[in-house]
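Which chain is which? The protein sequence lines are W and X, in order. Heads up, the first sequence is in the numbering used here, so the first residue is 18 and it goes up one at a time. Heads up, the second sequence is in the numbering used here, so the first residue is 437 and it goes up one at a time. We put the CB at the ideal spot given by N, CA and C, even for glycine. What follows is a short report on a single structure.
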Amino acid sequence: MKHLPVYPLISFFIIIAIWAIVAKYSGFSANVLPGPIIVMESFKELILDGTLLKHSVASLYRVTMGFWLGVFLGIPLGIIIGRIKLLKKLLNPVIQFIRPISPLAWIPLAMLWFGIGDKPAIFLIFLSSFFPIVVASFIAVESINPIYFQVAANFNLTRKELVSKIIVPAIVPDLVTALRLTIAISWLVVVAAEMIAVQSGLGYLILDSRNALRMDYVMVGMIVIGIIGLMIDVTMYYISQSESIVAAKVK
Amino acid sequence: MGKIKIEGLTKHYVNRRHKRRDPGDENGYGKIINVFKDIDLEFEDGEMVCILGPSGCGKSTMLRIIAGFDSATSGTVVIDGETVVGPSPDHVFVFQQNGLLPWMTVWQNVELGLRNIKNEALRNETIQEYIDMVELSGFEHYFPSQLSGGMQRRAELGRALAVNPDILYMDEPFTGLDYLTHLKIREEVINMHTFLGKTMVMVTHFIDDALIMADRIIVFNESPAKVILHKKLEYSRPRNIEKDPGLSDLRDEVFMMLGVSYVA
């Protein structure tokens with residue numbers, strides 16, 4: 018019993034209770050505002066017929082592909098920008114200009130360029146993660162204590178060693194925080210993108226369910242989105258608490 | 437192996453915020469702040485040199501220039517006949533604080549200078565030797581944040597000594613240590629110097645430390661810093677300031693020079 022997350026369970030229980038009460042006494046019909054029991058039944062239904070799995074996998078696939086693309090391109094670029102002042106002067110204004118343009122605004126162009134399906138969604142996720150990661154990376158690089166560079170020079174570290182032994186480990190704590198936030202944004206974006214541009218995924222499930230006037234399925238979709246989002250965040254949190262990352266946080 | 441010659445060393449900064457032209461200054465950028473001007477010094481091989489001065493007088497700046505991290509406005513630093521153009525593992529710098537890489541364990545930090553030894557057994561043996569030398573046996577796999585201040589300082593010394601440098605530079609190495617640890621580490625550094633015979637240049641503002649540790653003591657006054665005292669101390673070790681009248685008088689003199697007239 019000791020390892021049960023007691024407090025979260027209590028608060029979820031309270032939320033479900035409030036939901037049940039609101040659903041019962043709100044005056045809305047069960048079609049418009051289904052209560053928790055109905056939704057749980059529909060949840061079971063959608064698990065059993067494989068729909069939930071299919072759409073969850075589709076959404077997760079897109080987020081994973083787009084996010085990792087953003088990470089593998091964004092972090093190196095961020096590090097380079099952080100180290101070369103001239104590059105920062107050149108690229109920063111452009112980055113800060115494109116970054117606030119909501120990925121959703123890119124949907125029309127994305128659909129023209131990539132069609133319908135996984136590709137435009139992955140592109141949108143990429144956009145939503147790339148710019149924040151580049152910025153977080155160069156800010157992290159700039160805040161590295163200059164003493165570490167002096168130590169590196171003192172011990173004749175090569176350029177490769179400077180990156181692998183100094184820069185990357187130094188920025189990992191800040192980056193993990195940034196990645197945690199960025200992946201949350203990506204998860205939001207994928208759902209929105211799927212409502213517009215795609216034929217599968219949890220966002221699409223919600224849209225499709227609404228068109229079929231099945232609000233209970235809509236809520237199932239929402240709950241699954243919340244659960245997966247929570248699991249992603251918890252995973253990132255545990256990564257951020259690993260021993261070497263915590264140790265490196267002391268500046 | 438560790439003979440340092442400093443000639444005409446000058447360093448100034450330009451404060452761009454203060455645009456008023458000084459008479460005789462050739463650039464219109466701002467006010468020139470002289471940190472020090474035309475410093476000439478010579479240290480012999482194997483000496484423990486202590487550079488003493490009030491905070492902000494430029495002694496740390498000078499040490500960084502000597503070590504090659506910064507460049508002087510004019511003048512040269514020549515070590516064993518070669519002009520210093522940058523840092524090198526032959527002349528290792530021990531920082532005031534935060535010199536240890538926090539994402540590496542003690543072992544990995546000490547390994548930093550030894551990473552190019554191809555023979556793994558030899559490398560591990562050497563790393564262990566230096567960790568034992570600074571009395572951190574058992575703490576090999578601790579991260580710096582898990583160590584006390586004194587242990588961190590020892591780890592950094594271990595890392596520095598592991599590359600067997602000709603010269604060790606120390607910038608206020610006892611910063612942040614409690615009194616007892618300070619005294620203990622001070623004793624360990626003195627023993628290290630006696631045992632290894634390396635040239636050591638230490639910047640400090642602790643007058644007693646300089647008197648107890650140095651073969652050569654150099655005192656600076658405030659910015660623009662000038663040498664107001666330069667003396668070789670030939671007292672035998674271990675030294676006791678209270679019991680040796682020569683040292684005791686010197687202490688009074690230095691305190692007076694640095695503007696502290698009542699000596700505790």
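If I'm right that residue i touches residue j with Cβ under 8 Å, what's the distance once you round it to whole angstroms?
i	j	result
Q544/X	T611/X	Not quite, the Cβ-Cβ distance comes to about 24 Å (not below 8 Å), so this is no contact.
V88/W	R116/W	The Cβ separation is near 16 Å, so there is no contact.
M82/W	I139/W	5 Å
Q582/X	L536/X	In fact, because the Cβ distance is near 11 Å, the residues do not count as touching under 8 Å.
T640/X	E608/X	6 Å
K634/X	G504/X	Incorrect: roughly 17 Å between the Cβ atoms, too far for contact.
A224/W	H72/W	The sequence given here has Leu at residue 224/W, not Ala. Contact flag wrong, Cβ pair sits at about 11 Å.
T509/X	H577/X	At roughly 45 Å, the Cβ-Cβ gap does not stay under 8 Å, so T509/X and H577/X are not in contact.
G420/X	D476/X	Outside the shown range of chain X, which is 437 to 700, sits residue 420/X, and nothing can be said about it.
G594/X	Y566/X	5 Å
G52/W	A37/W	5 Å
V542/X	A591/X	5 Å
G220/W	V208/W	4 Å
T497/X	V471/X	6 Å
S145/W	T194/W	Between T194/W and S145/W the Cβ distance is about 17 Å, and since that is not below 8 Å, they are no contact.
H527/X	P601/X	6 Å
According to DSSP, what are the bridge partners of residue i?
i	result
T512/X	E443/X
I468/X	V450/X
L63/W	For L63/W, which the question treats as bridged, DSSP gives no partner whatsoever.
F656/X	V663/X
T252/W	The partner list for T252/W (beta bridge, DSSP) is empty, contrary to what the question assumes.
M606/X	V530/X, M638/X
V485/X	V637/X, R652/X
L477/X	I442/X
K668/X	R652/X
Considering Cα atoms alone, identify which of the options is closest to residue i.
i	options	result
K662/X	L619/X, P490/X, L597/X	P490/X
V514/X	N600/X, R551/X, E478/X, E689/X	E478/X
F147/W	E159/W, I223/W, V80/W	V80/W
A169/W	M628/X, P580/X, T562/X, F531/X	F531/X
I242/W	L50/W, K61/W, L77/W	L77/W
P163/W	S145/W, I184/W, I133/W, P149/W	I184/W
T518/X	I440/X, D607/X, S573/X	Looking at the sequence itself, residue 518/X is Glu, so the reference to Thr does not match. Checking every option, the nearest Cα to that of E518/X belongs to I440/X.
F642/X	V570/X, V690/X, K473/X, V521/X	V690/X
L247/W	L224/W, Y234/W, G218/W, I202/W	I202/W
S584/X	T617/X, L597/X, V570/X, P674/X	T617/X
L179/W	D191/W, V158/W, V193/W	V158/W
I324/W	I200/W, A210/W, L26/W	Summary: the structure shown does not reach residue 324/W, with chain W confined to residues 18 through 268, and so no result is reported for it.
A646/X	S659/X, R622/X, I664/X	R622/X
F631/X	Y615/X, V570/X, K668/X	V570/X
L121/W	M57/W, A40/W, I96/W, W204/W	W204/W
T175/W	N552/X, P538/X, M692/X	N552/X
E480/X	K495/X, A598/X, A650/X	A650/X
L141/W	A187/W, S181/W, V111/W, W85/W	W85/W
L669/X	P660/X, L686/X, S659/X, E678/X	L686/X
L488/X	R452/X, F656/X, P525/X	F656/X
W130/W	F166/W, A214/W, L198/W	A214/W
M692/X	S659/X, I664/X, K679/X	I664/X
How about residue i: is its Cβ closer than 7 Å to a heavy atom in the ligand FMN?
i	result
L104/W	With respect to the ligand FMN, the structure shown offers nothing to examine, as it has no ligands at all.
For this session: Output, in sequence order along the chain, the residues in the region 150-165 of chain W whose CB is closer than 7 Å to any CB in chain X.
Result: N162, I164, Y165
Exercise. Counting only runs that start and end within the region 491-557 of chain X, where is the beta strand (DSSP E) found for 3 or more residues in a row?
Worked result: 510-515, 527-530
Problem set entry | Start-end ranges of the alpha helix (DSSP H) lying completely within the region 615-647 of chain X, minimum 4 residues | 615-632
Problem set entry | Contact residues within the region 469-491 of chain X, judged by C-beta distance below 7 Å to chain W | none
For this session: Could you run through the region 114-133 of chain W and flag, in chain order, every residue whose CB is less than 9 Å away from some CB of chain X?
Result: none
Exercise. In the region 528-553 of chain X, which residues sit with their C-beta less than 7 Å from some C-beta in chain W, listed in chain order?
Worked result: V528, F529, F531, N534, G535, L537, P538, W539, L548, G549
For this session: Please list the residues of the region 166-178 of chain W that have a C-beta atom closer than 7 Å to any C-beta atom in chain X, keeping them in chain order.
Result: Q167, V168, A170, N171, F172, N173
For this session: Give, in chain order, every unbroken run of the beta strand (DSSP E) that is at least 3 residues long and sits entirely within the region 119-172 of chain W.
Result: none
Exercise. Taking Cβ-Cβ distances below 8 Å as the criterion, which residues of the region 607-618 of chain X are in contact with chain W?
Worked result: none
Problem set entry | Proximal residues, the region 183-217 of chain W versus chain X, C-beta separation under 8 Å | I183, P186, A187, V189
Problem set entry | Interface positions of the region 502-525 of chain X facing chain W (Cβ-Cβ less than 9 Å), listed along the chain | A503, G504, F505, G522, P523, S524, P525
Exercise. What are the start and end residues of each continuous alpha helix (DSSP H) run of 4 or more residues lying completely inside the region 188-244 of chain W, in chain order?
Worked result: 219-228
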